[in-house]
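When the count follows the working numbering, it moves up by one through the sequence shown with no breaks and lands on 262 for the last residue.
Only one structure is covered here, and it is reproduced in the block below.
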Amino acid sequence: MKVERKISVEDFQRLHIAVGWKILSDAQIEIALKNTMFVSTAREGEEVVAMARVVGDFAVHGILCDVIVHPEMQKKGYGRVVMEDLLSQIQAFVDERDEFILELTPTPGNIEFYKKFGLKHSPENMDGMYKWFKNSHLYPENCKKHSMKLQDSPFQAIKNGYKTIEMRLNDEKRQKLKIGDYIIFLNVKDGERLWCKIKNIYKFDSFASLYKAFDKVKLGYKKDEIARPSDMGKYYAKAEQEKYGVIGIELEVVKDI
């Protein structure tokens, strides 16, 4: 068996005919293949016996289609081989970016086959199946990411490495944060993004207690600035602080994109 990442119009048509699928013109197929993001084929001798391909926007969204194994070669592992190679291509693509979602509408009886490759089937949410791919350099397995907005000054302080504690109200949104999760900070000034990993989470009943626990530089103040807990009153009302408490999120800059 030889695995390749290409297919001719002729071989594409031959596989479609073999499984009884609708036949389209060569001109249509040629255009379709030019607009294919990923393709994988398995060849035995001179004959292509299996294929799978993904079409999409070449950025964040793809659709799995044309997963075909010649009827005479089914149940011999060819489908698994082309699927594994196709998914490896997607992961390599995503590792140079951020995230990518793959979707498909499985043919009857094939849901379990696709589940073997990590595609999910949630009929309560959608009819088809899907799989999110994440940049493996940024995301450990099963990690979660969160997004937060920042003014330019604290954004630059985190980016430059001297502000390592982000202060927030410990409300419902922040209660979802876990050590090891990632936060994507968005600079409201220019839209720049900054990736940070949560190293630790410190909980306090007030910003006054939090300020006592950390050097002011770690909180984002300059050495010649006065650090006042009341500064946080610009962002959070006293009643909110008393209701939820506050947290200091210890950060590690991972990647800015």
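We put the CB at the ideal spot given by N, CA and C, even for glycine.
All values reported here derive from a predicted model rather than from experimental measurement.
Query, Result
"Pull up the distance between the alpha-carbon of P234 and that of Y240, whole angstroms please.", "11 Å"
"Are the beta-carbon atoms of G253 and P159 separated by less than 8 Å?", "no"
"Over what stretch of residues does the alpha helix (DSSP H) that includes I95 continue unbroken?", "Y83 to V99"
"For my contact list, K208 and E255 are in at a C-beta cut-off of 8 Å; report their separation, rounded to the angstrom.", "The Cβ separation is near 12 Å, so there is no contact."
"So the beta strand (DSSP E) H151 belongs to, where does it begin and stop?", "K150 to L155"
"Given this structure, state the Cα-to-Cα distance separating L199 from H151, to the nearest angstrom.", "12 Å"
"Report all residues from its chain with a CB closer than 6 Å to the CB of F219; omit the five preceding and five following residues, and keep chain order.", "I170"
"In three-state terms, what does DSSP make of I262?", "Residue placement at I262 is poorly supported in this model, since its pLDDT is 48, which falls under 50; the coordinates still yield a value, given next. It is coil, neither helix nor strand."
"Around the C-beta of G196, are 16 or more other C-beta atoms found within 10 angstroms, so that it is buried, or is it exposed?", "exposed"
"For the alpha helix (DSSP H) that contains V14, what are its first and last residues?", "V14 to A23"
"Tell me, to the nearest whole angstrom, how far the beta carbon of V59 is from that of L38; I am working on the premise that it is less than 8 Å.", "Contact doesn't hold; Cβ gap of about 12 Å is too wide."
"Quick one: what's got a C-beta closer than 8 Å to R10's C-beta in the same chain, skipping five residues either side?", "F43, V44, S45, T46, D90 and Q94"
"Are V65 and E104 closer than 8 Å when you measure CB to CB?", "yes"
"State buried or exposed for Q156, treating a residue as buried only when at least 16 other CB atoms are found within 10 Å of its CB.", "exposed"
"Indicate the three-state DSSP secondary structure (helix, strand or coil) for F122 in the structure shown.", "coil"
"Leaving aside the five residues before and after E245 along the sequence, list all residues of the same chain whose C-beta is less than 8 Å from its C-beta, in chain order.", "L174 and D176"
"Just how far apart, CA to CA, sit I262 and G250?", "In this predicted model, I262 has a pLDDT of only 48, less than 50, meaning its place in the structure is not dependable enough to derive any value."
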